[in-house]
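Asks: The structure that follows is given in the form of structure tokens.
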Amino acid sequence: MSTDAEPAHSPRSTPPPRPAHPPRTAPAQPSARPPRPTAPPGFTPDPDTPILGVRAKVPFPRSTAGASGTRVPPRPLAPPRTEGLFADGGRRGRRRPPSRTAAAAATLVLGLGLLGGAAAGSWLGGDPDAPPSTADTYVHARSVWHSVPVDDLFPRSLRGKGEGPGGADRLWSRIAVAPDSSCGGGFDPLLAKALAPVGCKRLVRATYTDATSTSVTTVGLLVTTSGPTGMRALHQRFMTEKLDERTDLMPRAYAAKGTAAAGFGDDQRASWRIRILTDAPVVLYTVSGFADGRKVTDPQSAGEATQRGATSAPAQSGLGNDARSIADAIEAIFRRALSTVTETTS
Numbered sequence: 071m072s073t074d075a076e077p078a079h080s081p082r083s084t085p086p087p088r089p090a091h092p093p094r095t096a097p098a099q100p101s102a103r104p105p106r107p108t109a110p111p112g113f114t115p116d117p118d119t120p121i122l123g124v125r126a127k128v129p130f131p132r133s134t135a136g137a138s139g140t141r142v143p144p145r146p147l148a149p150p151r152t153e154g155l156f157a158d159g160g161r162r163g164r165r166r167p168p169s170r171t172a173a174a175a176a177t178l179v180l181g182l183g184l185l186g187g188a189a190a191g192s193w194l195g196g197d198p199d200a201p202p203s204t205a206d207t208y209v210h211a212r213s214v215w216h217s218v219p220v221d222d223l224f225p226r227s228l229r230g231k232g233e234g235p236g237g238a239d240r241l242w243s244r245i246a247v248a249p250d251s252s253c254g255g256g257f258d259p260l261l262a263k264a265l266a267p268v269g270c271k272r273l274v275r276a277t278y279t280d281a282t283s284t285s286v287t288t289v290g291l292l293v294t295t296s297g298p299t300g301m302r303a304l305h306q307r308f309m310t311e312k313l314d315e316r317t318d319l320m321p322r323a324y325a326a327k328g329t330a331a332a333g334f335g336d337d338q339r340a341s342w343r344i345r346i347l348t349d350a351p352v353v354l355y356t357v358s359g360f361a362d363g364r365k366v367t368d369p370q371s372a373g374e375a376t377q378r379g380a381t382s383a384p385a386q387s388g389l390g391n392d393a394r395s396i397a398d399a400i401e402a403i404f405r406r407a408l409s410t411v412t413e414t415t416s
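Each residue of the sequence shown is one higher than the one before, counting from 71 in my numbering.
Structure representation (structure tokens):
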């Protein structure tokens, strides 16, 4: 038996294992921008100090670290203000959702429609609180003479407190009312010619006497066919040329038979007043004289006869006061009647 033989159980020699290949990995992609360096805890850089050669575009907020060194997160920035619309200072506000925008537009259109409808209604139907127009007043004024009772237009009595010479009280009583008529015969030819531009629709008259029946006064309302322009032109002419003071332009009296005015003719005219209204198609006038039929050689207009210191017969007898005061009273009555008619028919 040989001693060089291998042992029966000796291990067989094996080659060393091959090293394993490392796992394949994708190559790292270069970053587009290097990460921004962060500041170490407790570090408070200067906002204007460059960091790694690059100046920060937005400064770091100041550190609010406490005593323990723990960093407190900065307070978030307030959101930008969005109130205000274009109509409010020109600031652009936050856009409304489409539903709210459509609702607002519909409300605006509806509001404009209601306003337009109200305006159209006031134009077509008339606003009851609106003052009457000049055209309406002229139309109604031409109907007052037959729509208002005689006793309302020419009251049976008129009282003038302090209207007489020296401030004495006066009382006048109506003694006659003329039938409504055309203007034929109501004026002297020269006055009729001066009034012709405004035309004549109707003439209504009444005659009054004082408490002692010593004076008589006729008051008349000439309703014209003219419009506002014609009435203003006539008024301007009378004022400029003083036609209301000319003795050859005196109105005629209404001499009713069987009354104290029976002898009140052209020669008895002593004082008068003529007023051309511009807010109504009316010429209002008065003429006064003595009830005993005496002739007057120095007639004087009411404006001149009521001046202080006037010594004419019409002034001293109070005929100027009668002509002025009765004209004022009837004008006020006519205006009240016109206002009533206008309110009733509007």
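Ideal placement from N, C-alpha and C gives every residue a C-beta, glycine not left out.
Mind checking which residues open and close the beta strand (DSSP E) that includes Pro-249?
Replies: 240 to 251 is the span of the beta strand (DSSP E), which, as asked, contains Pro-249.
Asks: Does DSSP classify Leu-354 as helix, strand or coil?
Replies: Three-state result, Leu-354: strand.
Asks: Using alpha carbons as the reference points, say which of Thr-412, Ala-402 and Asp-392 lies closest to Gly-236.
Replies: Nearest C-alpha to Gly-236: Asp-392.
Asks: Tell me, to the nearest whole angstrom, how far the beta carbon of Val-268 is from that of Thr-294; I am working on the premise that it is less than 8 Å.
Replies: So it is a contact: roughly 4 Å between Cβ atoms.
Asks: Spell out whether any CB of chain C is found under 8 Å from the CB atom of Arg-226.
Replies: The displayed structure is made up of one protein chain only, and chain C is not part of it.
Asks: Relative to the C-alpha of Thr-356, which candidate in Ser-243, Ile-400, Ser-252 and Lys-365 has its C-alpha closest?
Replies: Closest by alpha carbon: Ile-400.
Asks: Please state if the CB of Ser-371 and the CB of Arg-339 are separated by a distance shorter than 8 Å.
Replies: The answer is no: Cβ separation not under 8 Å.
Asks: Does DSSP put Pro-300 in a helix, in a strand, or in coil?
Replies: Here the sequence assigns Gly to residue 300, which means Pro is not the residue at that position. Three-state DSSP puts Gly-300 in a helix.
Asks: Going straight from the alpha carbon of Ser-217 to that of Thr-415, what length do you get?
Replies: The alpha-carbon atoms of Ser-217 and Thr-415 are separated by roughly 11 Å.
Asks: Using three-state DSSP, classify Val-366 as helix, strand or coil.
Replies: Correct three-state label for Val-366: coil.
Asks: Beta-carbon separation of His-210 and Val-352 under 8 Å?
Replies: It is not a contact, given that the beta carbons lie outside the stated cut-off.
Asks: In chain order, what residues of the same chain lie with their CB nearer than 6 Å to the CB of Ala-246, ignoring the 5 residues before and after it?
Replies: If we look at Ala-246 and ignore the five residues flanking it on each side, its Cβ neighbours are Thr-277, Ala-326 and Thr-329.
Asks: If you reduce the DSSP assignment to three classes, tell me which class Phe-308 lands in.
Replies: Looking at Phe-308 - three-state DSSP - the assignment turns out to be helix.
Asks: Please list, in chain order, all residues of the same chain as Gly-363 whose beta carbon is under 7 Å from its beta carbon, the five residues on each side excluded.
Replies: Contacts found: Gly-333 and Gln-338.
Asks: Report the partner residues of Gly-230 according to the DSSP bridge assignment.
Replies: In the DSSP output, where bridge partners are listed per residue, Gly-230 has Arg-240.
Asks: Identify, in the order they occur along the chain, each residue of the same chain with its Cβ nearer than 7 Å to the Cβ of Asp-398, setting aside the five sequence neighbours on each side.
Replies: Same-chain partners within the cutoff: there are none.
Asks: Looking at Arg-322: is its Cβ nearer than 8 Å to the Cβ of Phe-224?
Replies: Not closer than 8 Å, so no.
Asks: For Leu-185, is the classification buried or exposed, using 16 other Cβ atoms within 10 angstroms of its Cβ as the cut-off for buried?
Replies: Model confidence at Leu-185 stands at a pLDDT of 43, short of 50, so the residue's coordinates are unreliable and nothing is read from them.
Asks: Give the DSSP-derived three-state secondary structure of Leu-291 in the structure shown.
Replies: Note: Leu-291 maps to strand in three-state DSSP.
Asks: Among Ala-331, Ala-238, Tyr-324 and Thr-381, which residue has its Cα nearest to the Cα of Val-289?
Replies: For the residues Ala-331, Ala-238, Tyr-324 and Thr-381, the minimum Cα distance to Val-289 belongs to Tyr-324.
Asks: How many Å lie between Leu-421 and Leu-304 at the Cα?
Replies: Because the chain here runs from 71 to 416, residue 421 falls outside it and cannot be looked at.
Asks: What is the DSSP secondary structure of Tyr-278, counted as helix, strand or coil?
Replies: Strand.
Asks: Could you give the distance in angstroms between the alpha-carbon of Asp-349 and the alpha-carbon of Gly-373?
Replies: So the alpha carbons of these two residues sit roughly 22 Å apart.
Asks: Rounded to the nearest angstrom, what separates Val-220 and Ala-385 at their Cα positions?
Replies: Computed Cα separation, rounded: 30 Å.
Asks: Are Ala-383 and Leu-319 closer than 8 Å when you measure CB to CB?
Replies: Cβ atoms of Ala-383 and Leu-319: not closer than 8 Å.
Asks: DSSP on Ala-330, reduced to helix/strand/coil?
Replies: It is coil, neither helix nor strand.
Asks: Looking at the strands, I want to know which residues DSSP matches up with Pro-321.
Replies: Pro-321 is bridged to Phe-257.
Asks: Please report the Cβ distance between Val-274 and Leu-408, rounded to the nearest whole angstrom; I am assuming they are in contact, meaning their Cβ atoms lie under 8 Å.
Replies: Between Leu-408 and Val-274 the Cβ distance is about 14 Å, and since that is not below 8 Å, they are no contact.
Asks: Are Trp-242 and Ile-403 touching if we call contact CB-CB under 8 Å?
Replies: No, the pair does not count as a contact, with Cβ atoms beyond the cut-off.
Asks: Could you give the distance in angstroms between the alpha-carbon of Ile-346 and the alpha-carbon of Cys-253?
Replies: Cα-Cα distance, rounded: 16 Å.
Asks: When you compare each of Gly-300, Ala-331, Met-309 and Glu-311 to Val-286 by their alpha carbons, which one comes out closest?
Replies: When only C-alpha atoms are compared, the closest one is Ala-331.
Asks: Give the DSSP-derived three-state secondary structure of Leu-223 in the structure shown.
Replies: In this structure, Leu-223 counts as helix in the three-state DSSP scheme.
Asks: With DSSP collapsed to three states, give me the class of Val-218.
Replies: Reduced to three states, the DSSP call for Val-218 is coil.
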